[in-house]
Every structure is written in structure tokens, then in C-alpha cells.
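In the working numbering, the protein residues as written are 1 to 420.
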């Protein structure tokens, strides 16, 4: 098991226990993510990202609302047993009913988001994610505060097909569970505008148990002859094993995913061998210094605290998602879920702290514009295992140009709640 899941979970649960101001001065933030087991490779970096976001404000007396009053931020982690919908709801009940949280960051996994929509809305707890996944006009306290997942899969594969016309065959490798099913639909939607020249040669979802035999999983994918493989469902450690298996089998094409933990990948495959071949687009990658000075400083803080080998792009994804909540708190007269939501939706754009002016969207898919369409940087790996910006996708522009092609595919894949 990857080191992220072995030694740090206990430290995460302590994240809310440092000194804070009195209860009425404190904003309670819940992070519902896997905190144990293999899926903690996702959940722990996400939790850390939120904690560092909070500590940046706490170190300066707290975050100020629109009246100038400052509030300390307390972050508490809640386990959801690897994004299981029932456990997601159990965690939300504890966070909302017992601990009285004001805000929650959760997964984009559609089934998990849908499971908690009612309790979040009934209690006016503003609940966001590093993407959308599931939103609905009936549940206004469920929002997507950055473009993120699963839309990033659609935008990533589309960008690669648009800019690399030599890609003729694509393999889609996704797990057979809620967020894997979402990824499959979004990847297909991103390919659809290029259907006249691009063939999807593989799209069979895999049983998560199949990852115990990575060569067996990889062999039929290679046999399909792809120029590009896009994936969603592997944990960071499994991603490394998958790339190793594909390289051993002789694959020479490109890889795409929401994000890669390249420190794990390059332990198995030399970075120079993968340079220019591994692409990602997952909100923002703080390890790349040029996109945003603020997230670059966040990356330095993270690595200083946890070490380079513990770095995961998931940390900066969570950090970015919370900066939209931050913008709402600073515009609201009080840091409650209701007041912050009203402040965020007072206009149809938000001056997002990392991405600049971004527009609320999503009505065609979700029946309400509760999803903030932030620009999406696409990254490619270099010969040292780092990343550089390949392009920045104007998400609103892309959607306006391609929604007529994408929407039917997303609907067929069960990803358009507005149609239900």
C-alpha cells in the first residue's frame, strides 16, 4: 500500500484540534473523504489541502466577512468508506447534526452527492466539491465551486484531440462504479465532436478487483491499438502500476487522466521515458509555478510539511475548491451557509481568487446554474517528472461551442439530472 495510507491518517484527524477562537467566532468546515484504506490516497491529500487553506487565514487572525469581522476556521475530517453513498450520508449526518458544520467539501461522485443533497439543503449547509458531478435545482445548497470533475475528462480528451490530430484511436479505461460511470460518459462526450476522424477502440469498464492483475487488465487495452489512453478509477498507486504494465507491453502512445501522482509513477517508469506523453487536467496543479503565485506558495507549504514524495495534485484541487467558498465568505455579512450562498449567487459571475472572473453555469445539465465554470489548465509531464502548462481551456467557450454534441451523450450516460 502507498505510504500515503500508512502513516498520516491519524494526523489528519487531529487537524481540527489546534487552538481556535470561541465557538461563535469559528467557522466549522467538514471534509468528507476516505481517511483509511487504499482510497485514502485520494482522501488524505484532499483533507490536507483544506487544512492548509484554513491555516493560511488562521495565522492572520482568521477570514474576514464583509463587515470586517474575522473568524477562525476549524476543519474536521469524516470518513466515507471510499465514496460509498450510504457512508457519505452517515458522515454528513454526523457533521451537520452533531458537529454543526457550516460548510462541507465532498467528492464529485454523483451517487454520493445525490445521497446528501436533501440533508445539506434542509440544514442550509453549503456543500461543494472539486467539480459538479450531481447538482439539481431542488437542492440549491449543493454547488460545484470549480470546473473540476467530471467535466475535466471531457475537456481534457477534447483538447488532446483538437491539438494532436495524429490521434486516431482512443481507449477509455474506467472503473465500474459511480464515478467511473460518470467519467466514461464525459470522455465519450469529449470525443463526440471528433467522431468523424477518431475511433473509440476500447471502453469496457473494469471491476475494481481486476486491478490486482494489472498486466491482465492492460493486455486487451494494448491489443485495441490506441494512440491515447484516458483513465479514471485507479488510485494513485494503481495508476503507477498501470503505466508500468502498459510500458512493459510496449505501448508508445499518450496517457490522460484527471491527475497523476508522478512521484509514484516515476518510481516505476523513468520520467524521461514519459516526457510529453502524460497529460492531466484537474482544476489546478500547484506544483507548476507559473499559473498562480498563490497556489505555488501553497505547494511549497505542503511539501515543506509533508515532503516531496507525499505531494499529490489532489491537495491543490481541494485548496482551489475552497477558494470559491472563501470568496463567498468575504462577500457575506456572516459566515453561514445561507449568507455565503446568497453572496456567491448575487451576480452571475464570481471574482474567483485563483482563476479570475468566472461564470455560473450548468443549467442545461442540472436545471440550475450552480456550477462555477473556472478556466481549466491542461498539464503535460516533462523529463524530470514535473508538469508544465500545455494550454488553458476556456470552459464556458468550449461548452457553448460543443454542448449540442456533448449533451445527448451525457444524457445517454445518465449524467444529466435536468432530464430526470
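In this text, a Cβ means the ideal position worked out from N, Cα and C, and glycines have one as well.
What you are looking at is a predicted structure, and each value in this text was computed from that prediction instead of being measured.
Buried or exposed for residue i, please, with buried defined as at least 16 other CB atoms from any protein chain shown within 10 angstroms of its CB.
i: residue 145; result: buried
i: residue 257; result: buried
i: residue 97; result: exposed
i: residue 113; result: buried
i: residue 223; result: exposed
i: residue 400; result: exposed
i: residue 68; result: exposed
i: residue 41; result: buried
i: residue 23; result: Residue confidence for residue 23 is low, a pLDDT of 40 falling below 50, so the modelled location carries little weight and cannot support an answer.
i: residue 231; result: buried
i: residue 261; result: buried
i: residue 4; result: Unreliable positioning characterises residue 4 in this predicted model, as indicated by a pLDDT of 40, which lies under 50. A coordinate reading is not provided.
i: residue 60; result: exposed
i: residue 356; result: exposed
i: residue 349; result: exposed
i: residue 65; result: buried
i: residue 292; result: buried
i: residue 204; result: exposed
i: residue 259; result: buried
i: residue 174; result: buried
i: residue 309; result: exposed
i: residue 328; result: buried
i: residue 390; result: buried
i: residue 195; result: exposed
i: residue 250; result: exposed
i: residue 408; result: exposed
i: residue 347; result: exposed
Could you say which of the options lies nearest to residue i if we only look at CA atoms?
i: residue 352; options: 367, 325, 335 and 333; result: 325
i: residue 413; options: 64, 85, 56 and 190; result: 190
i: residue 287; options: 387, 81, 243 and 85; result: 387
i: residue 119; options: 129, 253, 373 and 91; result: 91
i: residue 372; options: 125, 64 and 345; result: 345
i: residue 72; options: 85, 57 and 86; result: 57
i: residue 248; options: 216, 263, 259 and 235; result: 216
i: residue 381; options: 322, 229 and 278; result: 278
i: residue 369; options: 378, 376, 359 and 375; result: 359
i: residue 312; options: 323, 322 and 300; result: 300
i: residue 164; options: 171, 228, 316 and 138; result: 228
i: residue 166; options: 365, 187 and 197; result: 197
i: residue 392; options: 374, 169 and 309; result: 374
i: residue 321; options: 39, 79 and 104; result: 104
i: residue 364; options: 327, 125, 124 and 137; result: 137
i: residue 253; options: 273, 237, 44 and 133; result: 273
i: residue 316; options: 332, 129, 238 and 133; result: 129
i: residue 81; options: 70, 49, 265 and 44; result: 44
i: residue 185; options: 269, 169 and 133; result: 133
i: residue 219; options: 244, 233 and 89; result: 244
i: residue 421; options: 49, 126, 289 and 111; result: Not covered by the structure: residue 421. The range shown for the chain is 1 to 420.
i: residue 284; options: 109, 314, 123 and 327; result: 314
i: residue 143; options: 395, 121 and 161; result: 121
i: residue 340; options: 141, 264, 246 and 87; result: 141
i: residue 109; options: 343, 226, 86 and 94; result: 86
i: residue 111; options: 238, 89 and 93; result: 89
i: residue 255; options: 172, 323 and 297; result: 172
i: residue 332; options: 63, 39 and 418; result: 63
i: residue 237; options: 200, 398, 214 and 206; result: 214
i: residue 330; options: 70, 188 and 95; result: 70
Which whole-angstrom value describes the C-beta separation of residue i and residue j, a residue pair presumed to lie in contact below a C-beta threshold of 8 Å?
i: residue 47; j: residue 83; result: So it is not a contact: roughly 14 Å between Cβ atoms.
i: residue 27; j: residue 102; result: 5 Å
i: residue 361; j: residue 135; result: Contact doesn't hold; Cβ gap of about 10 Å is too wide.
i: residue 377; j: residue 281; result: 7 Å
i: residue 235; j: residue 385; result: Their Cβ separation, rounded to whole angstroms, is 19 Å, which puts residue 235 and residue 385 out of contact at 8 Å.
i: residue 99; j: residue 271; result: At roughly 43 Å, the Cβ-Cβ gap does not stay under 8 Å, so residue 99 and residue 271 are not in contact.
i: residue 417; j: residue 366; result: 6 Å
For residue i, which beta-bridge partners are listed by DSSP?
i: residue 279; result: 256 and 380
i: residue 400; result: In the DSSP output, where bridge partners are listed per residue, residue 400 has none listed.
i: residue 149; result: 131
i: residue 206; result: 175
i: residue 72; result: 26
i: residue 351; result: 357
i: residue 144; result: 371
i: residue 77; result: 31
i: residue 106; result: 129
i: residue 231; result: 173
i: residue 392; result: 377
Discussion item. If contact is defined by three or more beta carbon pairs under 8 Å, each pair taking one atom from either stretch, is the segment 145 to 165 in contact with the segment 203 to 212?
Written reply: no
Worksheet item: Do the segment 136 to 151 and the segment 170 to 190 meet, that is, are 3 or more Cβ pairs less than 8 Å apart?
Response: They touch, by the three-pair rule.
Worksheet entry | Three-pair Cβ contact test at 8 Å for the segment 27 to 37 versus the segment 73 to 80 | These segments touch.
Discussion item. Would you call the segment 268 to 277 in contact with the segment 297 to 307, where contact means no fewer than 3 C-beta pairs closer than 8 Å?
Written reply: A contact is defined here as three or more CB-CB pairs under 8 Å, and the segment 268 to 277 fails this definition with respect to the segment 297 to 307.
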